[in-house]
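*Asks:* Following this message is one structure expressed as structure tokens.
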Amino acid sequence: MPASASPWLHHAVARIEADYQRSADTHLIALPLPGFARHGIDLYLKDESTHPTGSLKHRLARSLFLYALCNGWLHEHSTVIEASSGSTAVSEAYFARLLGLPFVAVMAKSTSSEKIAQIEFYGGRCLLVDSAAGIHDAARAEAARTGGHFMDQFLYAERATDWRGNNNIAESLFSQMARERHPIPRWVVVGAGTGGTSATLGRYIRYRRHFTQVLVPDPEGSVFAPYHRSGDTTLTASGSKIEGIGRPRVEASFIRSLIDRMAQVPDKTSVAAMRLLSQRLGRRVGPSTGTNFAGMLMLAEEMRAAGEQGAIVSLLCDSGERYLQSYHSKRWIEEHFGDCAAEEAALRATIEH
Ligand SMILES: *Cc1c(COP(=O)(O)O)cnc(C)c1O
Numbered sequence: 000m001p002a003s004a005s006p007w008l009h010h011a012v013a014r015i016e017a018d019y020q021r022s023a024d025t026h027l028i029a030l031p032l033p034g035f036a037r038h039g040i041d042l043y044l045k046d047e048s049t050h051p052t053g054s055l056k057h058r059l060a061r062s063l064f065l066y067a068l069c070n071g072w073l074h075e076h077s078t079v080i081e082a083s084s085g086s087t088a089v090s091e092a093y094f095a096r097l098l099g100l101p102f103v104a105v106m107a108k109s110t111s112s113e114k115i116a117q118i119e120f121y122g123g124r125c126l127l128v129d130s131a132a133g134i135h136d137a138a139r140a141e142a143a144r145t146g147g148h149f150m151d152q153f154l155y156a157e158r159a160t161d162w163r164g165n166n167n168i169a170e171s172l173f174s175q176m177a178r179e180r181h182p183i184p185r186w187v188v189v190g191a192g193t194g195g196t197s198a199t200l201g202r203y204i205r206y207r208r209h210f211t212q213v214l215v216p217d218p219e220g221s222v223f224a225p226y227h228r229s230g231d232t233t234l235t236a237s238g239s240k241i242e243g244i245g246r247p248r249v250e251a252s253f254i255r256s257l258i259d260r261m262a263q264v265p266d267k268t269s270v271a272a273m274r275l276l277s278q279r280l281g282r283r284v285g286p287s288t289g290t291n292f293a294g295m296l297m298l299a300e301e302m303r304a305a306g307e308q309g310a311i312v313s314l315l316c317d318s319g320e321r322y323l324q325s326y327h328s329k330r331w332i333e334e335h336f337g338d339c340a341a342e343e344a345a346l347r348a349t350i351e352h
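Numbering (numbering that gives the first Met the number 0), first residue to last: 0 to 352.
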């Protein structure tokens, strides 16, 4: 019997496909900002927090599992291991449970307690290491110890996704814009953790021959912005304080040629933008969505000053409910970032212009 005919493999792929069939697409939220709309500039956020596992990583986890299954890398009793800043591990724990496979998340000690609780809720085990820089080696060691499979999102994210379509995030986003006054966005703004989302969007834009450009807003301490400038893959950095985006080393899934522009966003600006957006929406958003919003406002301000009209689209990557003890705690923010009031006032002035 060929390996492709394994009844377990058939069953596993069918379980994931059935789960996909049951799922609904995520909403594209039109952000009402009169100070920009008056000038013909419209902002949108695709709400990726509404996936069953609460973030855009639900898409990645599904793709990584299908990729690993169809490569013959997973078997009936495989332990699945991932190195993660949290969100990917939450989503992968969900899919591992769907397939009845044990799951181990290797994460930095600093990962939010809410995310650890969610991974454990889905039956996953958390292996905490001292710093984000150590998670890959620890994941490889755990895979060797258990005879399991290291998913390696930072290597495979860009290639596991069907970038031309199959309702990926890019195809979905562009089709949801179809009836807007500016149906083809001028800019797509997306932060990079693995770089997978920016790669899918960049390829799709070229494939569809859209004039849309991709801006990646990068947090302090991330290597991606300096790497984008120089192309030097050996660069390292101290690491990001914005959970989910920014990396201390250049990741293979971050495809530099697909990104038109990068902006370095100060952490206090990300926090301020997260708060301002949460107020505007009437619901809390996560910190990487704050970084995205800061990037959107920077572009909107530039367009307004230049008399340019168009749409700017970004992602609501995850909900702020995951960060009640951290980024949405006043005391925690004071301890980790200091006072962000001046940044918040500056952003507020931008949108109330
Ligand atoms: C992973 C992640 C991102 C970045 O997406 P990538 O496709 O990995 O670059 C942004 N925000 C959050 C909350 C994430 O978990």
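Beta carbons are placed, not taken as given, at the ideal position from N, Cα and C, and that holds for glycine. Keep in mind it's a predicted model, so treat the numbers as computed, not measured.
(1) How about S287: is its Cβ closer than 6 Å to a heavy atom in ligand 1?
(2) Can you find the residues in the same chain that come closer than 8 Å, C-beta to C-beta, to M176, ignoring five residues on each side of it along the sequence?
(3) If you follow the beta strand (DSSP E) that I28 is in, where does it begin and where does it stop?
(4) Enumerated in chain order, which unbroken segments of the alpha helix (DSSP H) with a length of 4 residues or greater are wholly contained in the stretch 52-93?
(5) Give a single yes or no on whether K267 has its beta carbon closer than 6 Å to a heavy atom of ligand 1.
(6) From I134 to A272, what does the alpha carbon distance come to, in whole angstroms?
(7) Could you check whether the Cβ of I378 sits closer than 6 Å to any heavy atom belonging to ligand 1?
(8) For ligand 1, I want to know if T290 counts as a neighbour, meaning its beta carbon is within less than 6 Å of at least one of the ligand's heavy atoms.
(9) For a quick check, are the C-beta atoms of T288 and C316 less than 7 Å apart?
(10) Give the range of the beta strand (DSSP E) segment to which F102 is assigned.
(11) What first and last residue would you give for the alpha helix (DSSP H) that runs through K240?
(12) By how many angstroms is the C-alpha of L346 removed from the C-alpha of N166?
(13) List the residues that DSSP assigns as beta-bridge partners of Y322.
(14) In the DSSP assignment, find the beta strand (DSSP E) that holds Q212 and state where it starts and stops.
(15) Between I244 and S197, is the Cβ-Cβ spacing less than 7 Å?
(16) My guess is that E250 and S84 are in contact by the Cβ rule of under 8 Å, so how many angstroms apart are they, rounded?
(17) So does K56 have its beta carbon nearer than 6 Å to some heavy atom of ligand 1?
(18) Using the beta-carbon count (16 or more within 10 Å), is M302 buried or exposed?
(19) Go to V188, then tell me how far its alpha helix (DSSP H) extends in each direction, as first and last residue.
(20) In this structure, how does DSSP classify D317 when only helix, strand and coil are distinguished?
(21) What separation, rounded to the nearest whole angstrom, lies between the Cα atoms of V189 and I115?
(22) Alpha carbons only, please: which of T78, A82, G194 and V264 is nearest the one belonging to R96?
(23) Regarding I40 and ligand 1, is the C-beta to nearest heavy atom distance less than 6 Å?
(24) Distance check for R21 and L63, CA to CA, integer angstroms please.
(25) Which runs of the alpha helix (DSSP H) spanning at least 4 residues fall entirely within the stretch 113-191, listed in chain order?
(26) Please report the residue range of the beta strand (DSSP E) in which L44 lies.
(27) By how many angstroms is the C-alpha of T49 removed from the C-alpha of S269?
(28) The alpha helix (DSSP H) spanning Q20 covers which residue range?
*Replies:* Taking the definition as stated:
(1) yes
(2) L27, Y43, P182, I183, P184, A310 and V312
(3) L27 to L30
(4) 56-69
(5) no
(6) 29 Å
(7) The first residue shown for the chain is 0 and the last is 352, placing residue 378 beyond what the model contains.
(8) no
(9) yes
(10) F102 to A107
(11) No alpha helix (DSSP H) holds K240; DSSP gives it neither H nor E.
(12) 34 Å
(13) Answer is none; Y322 lacks a bridge partner.
(14) Q212 to P218
(15) no
(16) Contact flag wrong, Cβ pair sits at about 12 Å.
(17) yes
(18) buried
(19) Element bounds for V188: not the alpha helix (DSSP H) but the beta strand (DSSP E), W186 to V188.
(20) strand
(21) 25 Å
(22) T78
(23) no
(24) 19 Å
(25) 134-145, 152-159 and 168-175
(26) I40 to D46
(27) 22 Å
(28) P6 to Q20
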